[in-house]
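Peer 1: Per the working numbering, the sequence shown starts with residue 59, numbered consecutively.
Backbone N, C-alpha and C define an ideal beta-carbon position, used for all residues, glycine too.
This is the structure I have questions about; it appears just below.
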Amino acid sequence: MAENEPQEDPELPRDARLETLDERLDQARQAEARRTGGANPTAAYYKSPAYRVLSVLVAYPLGSALIGYAIGRFIGKPALWVATLFVGFGLAIWEVYKISVTGPKQGPEGL
Numbered sequence: 059m060a061e062n063e064p065q066e067d068p069e070l071p072r073d074a075r076l077e078t079l080d081e082r083l084d085q086a087r088q089a090e091a092r093r094t095g096g097a098n099p100t101a102a103y104y105k106s107p108a109y110r111v112l113s114v115l116v117a118y119p120l121g122s123a124l125i126g127y128a129i130g131r132f133i134g135k136p137a138l139w140v141a142t143l144f145v146g147f148g149l150a151i152w153e154v155y156k157i158s159v160t161g162p163k164q165g166p167e168g169l
């Protein structure tokens, strides 16, 4: 036998316990797919309003500060990123307000 081969003899019959375990595992997977409608359970997290709020509160200020930094370097005002950071915070708060007023969006068109 080679070094990388498994230590079992391929001519031996497969253990009946392993076969029933495989069958039960397949049944459990099918039942879970029927229960969830075949959807990925982690995908629901990314559609939640909490995830959307978190991404807005992080992305808006960072994105606006990055844009302000680039514009500030171009026009010679290196501290412009601070002002655009606060603008980003303001926009993020406004977006969170809009999310809270409209409520969670239903269905795939809510993305």
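Please name the residue, chosen from Ser158, Glu153 and Ser106, that lies closest to alanine 117 on a Cα-to-Cα basis.
Peer 2: Position 59 of the sequence shown, counted from the start, is the residue given in the question as residue 117. It is Glu153.
Peer 1: How would you call proline 136, buried or exposed, if buried means at least 16 neighbouring beta carbons within 10 angstroms?
Peer 2: For the purposes of this step, residue 136 is taken as residue 78 along the sequence shown, with counting starting at 1. With fewer than 16 other Cβ atoms within 10 Å, it is exposed.
Peer 1: Would you report the Cα separation of tyrosine 155 and arginine 131, rounded to the nearest angstrom?
Peer 2: On the sequence shown, residue 155 is found 97 positions in, with the first residue counted as 1. On the sequence shown, residue 131 is found 73 positions in, with the first residue counted as 1. Looking at the two C-alpha atoms, the distance is approximately 32 angstroms.
Peer 1: Would the beta-carbon of serine 122 fall within 8 angstroms of that of threonine 142?
Peer 2: Locating residue 122 in the sequence shown gives position 64, where the first residue counts as 1. Locating residue 142 in the sequence shown gives position 84, where the first residue counts as 1. Yes.
Peer 1: Buried or exposed, going by whether 16 or more other CB atoms sit within 10 Å of the CB of glycine 146?
Peer 2: In the sequence shown, the residue the question calls residue 146 occupies position 88. Glycine 146 is buried by the Cβ-count criterion.
Peer 1: Distance check for threonine 78 and alanine 91, CA to CA, integer angstroms please.
Peer 2: Residue mapping note: residue 91 aligns to position 33 of the sequence shown, counting from 1. Residue mapping note: residue 78 aligns to position 20 of the sequence shown, counting from 1. The straight-line gap from Cα to Cα measures roughly 20 angstroms.
Peer 1: Have a look at glycine 126 and leucine 112 and give me their C-alpha separation to the nearest angstrom.
Peer 2: For the purposes of this step, residue 126 is identified with residue 68 of the sequence shown, where counting begins at 1. For the purposes of this step, residue 112 is identified with residue 54 of the sequence shown, where counting begins at 1. Taking the straight line from one Cα to the other gives about 22 angstroms.
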